[in-house]
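Using the working numbering, the first residue of the sequence shown is number 1286, and each one after it goes up by one. Where a beta carbon is used, it is the ideal one built from N, C-alpha and C, also for glycine. First the structure, in the form of C-alpha cells, and then the observations on it.
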Amino acid sequence: MSNHKDYLKEYDMATEDEKYPLVSRWINSVERLPFFEQLRNERPVLVTPECTLVARFPDVRDMLSMPKIFTVDLYKPKMSVTGPDDGYLMAHDDDALHYREKSLMQGMLNRNDLPRIRKLVEESAKNIINEAAGRIEVVNAYCRMVPVTLVQDYFGLDGVAPEDLIEWSYWNQYDAFNNQPFDMLTEKQSQYITDKHNGISDKLGAYIASLVIRKLVIIKATSGLRAMLSYPKRILLSLLGMSIKTKPDDIVTRMLRTAFAKEVDFPLTRLGINAGGLLIGAIETTSQATAQVIEYFLKNPELLKKAKQAASFEDRADFDALVWEALRFVPIRPDIFRKASADYTIAKGTPHETVVRKGTIVRLLTQSAMFDEYAFENPNEFNPNRNWYHNFNFGFGSHQCLGKYIGMVMIPEMIRQILLQPELEDKGPINYKKGPFPEEYHLKWRVPEASGNH
Ligand code: HEM
C-alpha cells in the first residue's frame, strides 16, 4: 500500500460535503484499485454520508446472500414494480414471483444450447469483421451488433431494427444502474435519463405485444401443417433426413409452445415481460465487457501475444479463461448496490463490525472483493487459472445473472474473432463520452490477401 497515496487520510480531512464526491472520483478513475486496497486493509466498511462501501470478499458474499435484508429496492421504480405481482423479476427479492420466473427462464435458456449459441456468435462476428475490411468503430458496429443477432435469432425478438433493440437495452440499463442517488447526477441529468427510459418503454411494450401475437400465429400455422401430414409420412420424411420446418425454435417461441398449468402463474403478460428482460440484459452489458477486454489486451502486449496464441487453439477453454481474468481488472462496473431493509450488523466479531442502518444504500465493491487475498492469491497478478466460484462478474446469490452461461461463451467468442485479425491495433482509448458505457472505439488490422478466417 505504501507507494500509493493515502486516500483515507484525505477522506478524513475532507468536509462532509466533499467526502462522497472524493470517493466517487477515485472509484471512477485509475485510482480505483489502490483506493480499494487501502479500504480492504484499513477500513473494510466505509460509512460515507451518501452510502456505505463494503470492500472485503467475505462481507460482499455474505450480504449478497441475504436478499431480504440487502434488497434490490432501488431497482423497483426502474422496473415497474409496485406490488408483489408486477414488474420485472430482477426487482423482486426472494419472493414467489422471483423464484418462479427465474427458474422458468433458466429452464428455457437450456444450457445444452450453448454450442449453437457460440456458433451463432462466431458467424455473426465473422460477417461483421469481413465487411469491415480492416477498419471498424467497434462499439456500435460490433460490440452492440453481435448481441443483437443473438437477441433476434436465439431469443427470437425479431422483425425490428437493430437500432431499436440497442436503444431499448441502453436506456433501461442506464436508468436502472447509472441513475441512482449515489451517481451524483444533477436533477436535470437524472430527469433526462428517466425521460429517455420512459419514452422507449411504451415502444418496447407495443413491440413485445405484437411479437407475441405474430409468433402465436406462426406456431398455429406450422402445427396445422404438421397435422396435415400423416404420421407414417412424417416418419418416412425423417428417415430420409428431410424435415419440413415445422418447429421454429427461439426462446420466445419456446415459451409460447410450452403449456403451463394455470397454477404455475405464467400468463402471456408475464412471458412478454420476461422476453423484454432478455433483450435488456443482453446488449449493453456484453458490449461493455467486450470493448473493455479488447482494450485491456491491446494495452498489455505480453498478454495480447498469449491471447492471440490461445485464440487459435481448437479448445476454447484457455482463451476463455484469459478473458474472464481480464474482466476482473476491467469489469463492467465495480459494485453491486443494495438497500438495507432493517438494521443489520455486518462482519460480526471482526474489528470492522458495523451496524448498517435500515434505509442505507450499500455499495458492495465486487471488484475489490475480486482482489481480496481471502480468495485471490497474489491478486494483482494476472492469473487465468483462478477459482471461478469466486468471480463476481455475473453477480452472486439469488440475483446472479440469468444470462451468465450465454455471456460466458458470447463475450470470449466475440473477443476471439477480433484478436484473430493480424496486426490488430487501436487508434486511441475507448471514448465513453462522459457516460457509463463505451461509445466509440476504433480498431484496425491488416486484411490478409486471401481471406483465411478461422
Ligand atoms: C445474454 C445476456 C444477458 C442476459 C439475458 C442477462 C440477464 C440478467 C438478468 C435477468 C439478471 C437478474 C437476475 C435476477 O435478479 O435474479 C441479471 C443479473 C446480472 N447480470 Fe446479466 N444478463 C446478461 C449478460 C450479462 C453480462 C454480459 C454481464 C456482465 C459481464 C452481466 C452481469 C450481471 C450481473 C452482475 C447481475 C447481478 C445484478 C444484481 O445482483 O443486482 N449480465 N442478468
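In this structure, the straight-line span from the alpha carbon of leucine 1324 to that of lysine 1290 is close to 12 Å. Contiguous beta strand (DSSP E) elements confined to the region 1310 to 1390 occur at 1330 to 1332, 1337 to 1339, taking only those with 3 or more residues. For the region 1572 to 1629, the continuous beta strand (DSSP E) assignments of 3+ residues that do not extend past its boundaries occur at 1621 to 1625, in sequence order. Beta-bridge partners assigned by DSSP to histidine 1727: Glu1422. Rounded to the nearest angstrom, the Cβ distance from valine 1497 to leucine 1541 is 7 Å, consistent with a contact under 8 Å. Taking 8 Å as the cut-off, the Cβ atoms of arginine 1701 and alanine 1596 count as close. Shown here, threonine 1639 sits in a strand according to DSSP, grouped into three states.
For glutamate 1708, the secondary structure class from DSSP, reduced to helix, strand or coil, is coil. Fewer than three beta-carbon pairs drawn from the region 1598 to 1618 and the region 1451 to 1460 are found closer than 8 Å, and the two stretches are therefore not classed as touching. Bounds of the beta strand (DSSP E) holding valine 1647 are 1646 to 1649.
By the beta-carbon neighbour count (other beta carbons within 10 angstroms, threshold 16), lysine 1624 is buried.
At a cut-off of 7 Å, the beta-carbon of leucine 1563 counts as near the ligand HEM: some heavy atom of the ligand is closer than that.
For isoleucine 1402, the enclosing alpha helix (DSSP H) covers residues 1399 to 1417.
Distances from the CA of leucine 1709 to each of Lys1718, His1727, Met1695 were compared; the closest alpha carbon is that of His1727. Nearest neighbour of asparagine 1326 by Cα position, chosen from His1637, Tyr1674, Leu1704, turns out to be His1637.
In terms of Cβ geometry, isoleucine 1536 and leucine 1394 form a close pair [threshold 8 Å]. Distance from the Cα of lysine 1404 is smallest, within the candidate group Val1423, Leu1382, Pro1432, for Pro1432. At the C-beta level, glutamine 1577 and proline 1697 stay beyond 8 Å of one another. Residue pairing by DSSP puts isoleucine 1631 in a beta bridge opposite Thr1639.
Fewer than three Cβ pairs drawn from the region 1564 to 1574 and the region 1658 to 1677 lie within less than 8 Å of each other, which leaves the two stretches out of contact.
Secondary structure at asparagine 1716: strand, using DSSP grouped into helix, strand and coil. In the three-state reduction of the DSSP assignment, valine 1431 falls in the helix class, which pools H, G and I.
Not one heavy atom of the ligand HEM falls within 7 Å of the beta-carbon of asparagine 1395. Distance from the CA atom of phenylalanine 1342 to the CA atom of proline 1362, rounded to whole angstroms, is 29 Å. In the three-state DSSP reduction, aspartate 1449 falls in the helix class (H, G or I).
With fewer than 16 other beta carbons inside 10 angstroms of its own, phenylalanine 1545 counts as exposed. Sequence-distant partners of arginine 1555 (beyond 5 residues in either direction) whose C-beta falls short of 8 Å from its own C-beta, in its chain, are Glu1386. Selection Lys1719, Pro1733, Asp1605 evaluated against isoleucine 1691 yields Asp1605 as nearest (Cα-Cα).
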